[in-house]
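Worksheet: the structure to be examined is printed underneath.
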Amino acid sequence: MLAGSGPSGFYNAPVTKALVFSLGLNTLLASFLDVRHKWHLQLWPQLLQHHQIYRLVTTNLFFSTTSELLFGTCLLYHFRILERQWSSSKYASFVFLTSAMSTALNVASLFLTRGLGFKSLRGVPAGPYGLVFAALYAYGRSVPGTYKFKFAGKEWTDHVLVYALSFQFLLAQLPTSVVGSVCGLVAGVLYDLNFLEMKTFRLPRFLQNLAHKAFTPLFASSPPTGRLAGTTIEDQRRELRDRYTASMRGNAAAAAAAAGTGGIPVVPVDPPSPDAIAQLENMGFSRPRVLQALRSTNNHVPAAAAFLLDNRQ
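Numbering (the numbering used here), first residue to last: 17 to 329.
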């Protein structure tokens, strides 16, 4: 259902790849050792009596059930578009901040519900609920819908499919899963509001360098092929937009380097190829706009498609 979110795979999304694979491995290992139901976040007796502070960290490292693993990793995989838009450095900082904030909010919520006498809300299930729903909020705020459709007399975007899957994930362990999900949404709102300048925070440079050297060989992915995988115009539009977003950071850096050395942008001599023109015209754009977009992007089809999508009339 979510496969049309862009080019498949983890190209330019190593943080997402590390999250998905580590969550899957940790959940399978915890299931094999029969301990995955013992690491949820609960005040009494785990935190207050036994002082098991490590639960504040371990509760985010795996899911309690296989269904949660399936829905959670599917959503995180879909949200890799955030990493491609922001950069891996910013997304890793987002993961750290929202996970820490949502965990702190979980503890505060448990104290509140304990004081109010809600016996059914004594703990929060294991799993990065906070991260998933913080990323869901960021996704809804920063990623535009690719296509619209009508249902029950109302107009919807393709985002509704992501929200439906998120709602299914929310129902995994009612009512306790609601606490973690709401805390994640609050963390996402605070990040979006740039509370305490959170958007400017980055993990220390030495940690980034260490992670790059240690994990790049494990989590680096090959770039997508030139052929589009989408079977519909809407899927191909989203795929072109995502492929362009994933690649343009390097192009922008190269352009900046050329400008810094006095370089002059190269104007393409050859006219746009008929295949490139036809591909963009098949997406529903007029020929004059297609030619203008191709000329302004040096005949780079994904960049031209993204330009046209971002400037739809």
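We put the beta carbon where it would ideally sit given N, CA and C, even for glycine.
**Residues sharing a beta bridge with Gln68, DSSP** = According to DSSP, which records beta bridges pairwise, Gln68 is partnered with nothing at all.
**Message:** Would you call the stretch 109-129 in contact with the stretch 177-184, where contact means no fewer than 3 C-beta pairs closer than 8 angstroms?
**Reply:** They do not touch, by the three-pair rule.
**Asked** Leaving out the 5 sequence neighbours to the left and right, which residues in its chain are closer than 6 angstroms to Gly25 when beta-carbon positions are compared?
**Response** Ser237
**Message:** Is it buried or exposed, Phe87, if we count other Cβ atoms within 10 angstroms and call 16 or more buried?
**Reply:** buried
**Asked** Where DSSP assigns a beta bridge to Thr173, which residues make up the other side?
**Response** Lys164
**Message:** With the cut-off set at 8 angstroms, would you say Asn28 and Arg100 are in Cβ contact?
**Reply:** yes
**Request:** Look at Phe149 and Leu201 and say whether their C-beta atoms are less than 8 angstroms apart.
**Result:** yes
**Request:** For Arg130, collect the residues of the same chain with a Cβ closer than 7 angstroms to its Cβ; drop the 5 residues on either side in sequence, then sort them by chain order.
**Result:** Excluding residues within five positions, the ones whose Cβ falls inside 7 angstroms are Leu59.
**Message:** Buried or exposed, going by whether 16 or more other CB atoms sit within 10 Å of the CB of Val51?
**Reply:** Here Val51 is exposed. Its C-beta has fewer than 16 other C-beta atoms within 10 Å.
**Message:** Excluding the 5 residues flanking Ser83 on each side, which residues of the same chain have their C-beta closer than 7 angstroms to its C-beta?
**Reply:** Closer than 7 angstroms at the Cβ level, and outside the excluded window around Ser83, lie Ala188.
**Asked** Which of the three DSSP states, helix, strand or coil, is assigned to His56?
**Response** In this structure, His56 counts as coil in the three-state DSSP scheme.
**Prompt:** Which residues share a DSSP beta bridge with Val140?
**Reply:** Its beta-bridge partners are Leu57.
**Prompt:** By the 10 Å Cβ neighbour count, where 16 or more other Cβ atoms means buried, how is Asn225 classified, buried or exposed?
**Reply:** Asn225 is exposed by the Cβ-count criterion.
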